[in-house]
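Undergrad:
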Amino acid sequence: MNLQGIAGVIIFTLSMLRQIDPNEVYVVVPAFNEDAVIRQVVNDLLGLHYKVVIVDDGSEDHLCTLLSDLPVFCLRHKVNVGQGVALQAGIAFALSKQANYIVTFDGDGQHQAMDIGKLLLPLINNEADITLGSRFLPGADHNMPASRRLLLQIGRRLNFLLTGLLLTDAHNGLRAMNRKAAAAIQITENGMAHATELLTQIKKKKLRYKEVPVTIRYTDYSKKKGQSAWASFRIFFDLLLNKIFK
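Letter by letter, the sequence shown follows residues 84 to 329 in my numbering.
1) Do you know how far the Cα of Gln193 is from the Cα of Pro105?
2) From Leu131 to Gly190, what does the alpha carbon distance come to, in whole angstroms?
3) Of the residues Leu241, Asp198, Thr246, which one's Cα is nearest the Cα of Asp224?
4) Does the beta-carbon distance from Lys286 to Leu248 come in below 7 Å?
5) With a threshold of 16 other CB atoms inside 10 Å of the CB of Val162, please say whether the residue is buried or exposed.
6) Following the continuous beta strand (DSSP E) through Ser217, name the residue where it begins and the one where it ends.
7) So which of Leu153, His160, Leu129 has the shortest CA-CA distance to Asp144?
8) Can you have a look at Lys201 and say buried or exposed, based on whether 16 or more other CB atoms are within 10 angstroms of its CB?
9) Looking only at its chain, what residues have a beta carbon closer than 7 Å to the beta carbon of Val206, apart from the 5 residues adjacent to it on each side?
10) Could you check where the alpha helix (DSSP H) with Glu280 kicks off and where it finishes?
11) Just the C-alpha distance for Ile121 and Phe188, rounded to the nearest angstrom, thanks.
12) Locate the beta strand (DSSP E) running through Val155, then write down its first and last residues.
13) Would you report the Cα separation of Phe176 and Lys289, rounded to the nearest angstrom?
14) Among the residues of its own chain, which have a CB less than 8 Å from the CB of Asp303, if the five just before and after it don't count?
15) Identify, in the order they occur along the chain, each residue of the same chain with its Cβ nearer than 7 Å to the Cβ of Leu282, setting aside the five sequence neighbours on each side.
16) Would the beta-carbon of Asn116 fall within 7 Å of that of Ser142?
17) Assign Ser217 to buried or exposed, taking buried as 16 or more other Cβ atoms, counted over all protein chains shown, within 10 Å of its Cβ.
18) Grouping DSSP H, G and I as helix and E and B as strand, with all else coil, what is Thr302?
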């Protein structure tokens, strides 16, 4: 895209975002032992005037204490119960605050706050009930290691077998949803398997969805926090057994 085209996209995005009050947007950030990066993540979100909900999922250092001087909502689990439960708690809290739009955003610094606007546009235009960030659509950008990319490509096909949705990126934690979708989705999987569970609910409850290209930045820190190959396949088999015997 040339500079004129980029400028046009920026102007269009800004004009659309004027239709939404940032106070209507609640960004839910599940976090476990993210004390090294969580403050920067929060500051980036606050800089765009979104409401921020941190769900401290039993971190060794209380993240709510570390962020006590910032204007954020902070929920804390006394023990680590998993990202799925943390997300559901944050979504339920945002709904109780009358949020019209809810974004899920990882706490390890990989996601870019500026991408939230792109995720909101299809919701504002009533084109979708939920938008899913993708690292692999045209216009997306990432510095993902080749081994992890291969694993994710395998994962998207396994997810298709389980959910019936063939996405370009089935395990991206950056999402946005309107109030209808947030109220319909009930995450019960406590760990990382919640990502597949969420896709199952999108199809079952006939929610309109759209993938949106986003930028993901992997750092040495975030790579250490990521799922191993064995953990990813264990999640798949847990979901498969649950689907067979449920």
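Ideal Cβ placement from N, Cα and C applies to all residues, glycine included.
TA: Reading it off the structure:
1) Cα-Cα distance, rounded: 22 Å.
2) For Leu131 and Gly190, the gap between their C-alpha atoms comes out near 16 Å.
3) Nearest of Leu241, Asp198, Thr246 to Asp224, Cα basis: Asp198.
4) Result yes, Cβ atoms of Lys286 and Leu248 sit closer than 7 Å.
5) If you draw a 10 Å sphere on the C-beta of Val162, you find fewer than 16 other C-beta atoms in it, and that means exposed.
6) From DSSP, the beta strand (DSSP E) with Ser217 extends over 213 to 217.
7) For Asp144, the closest alpha carbon among the candidates Leu153, His160, Leu129 is that of His160.
8) With 16 or more Cβ atoms within 10 Å of its Cβ, Lys201 is classed as buried.
9) Checking the sequence, you will find Leu at residue 206 rather than Val. These residues qualify, in order along the chain: Tyr184, Thr214, Ala259, Asn261.
10) Its alpha helix (DSSP H) spans residues 277 to 287.
11) Distance between the alpha carbons of Ile121 and Phe188: 11 Å.
12) Where Val155 is concerned, there is no enclosing beta strand (DSSP E), given that its DSSP letter is neither H nor E.
13) Separation of Phe176 and Lys289 (C-alpha to C-alpha, rounded to the nearest whole angstrom) is 24 Å.
14) For Asp303, where only same-chain residues beyond five positions count, there are no Cβ hits under 8 Å.
15) Excluding positions up to five away in sequence, the list reads Asn242, Thr246, Leu248, Ala253.
16) Cβ atoms of Asn116 and Ser142: closer than 7 Å.
17) Result: buried.
18) Reduced to three states, the DSSP call for Thr302 is coil.
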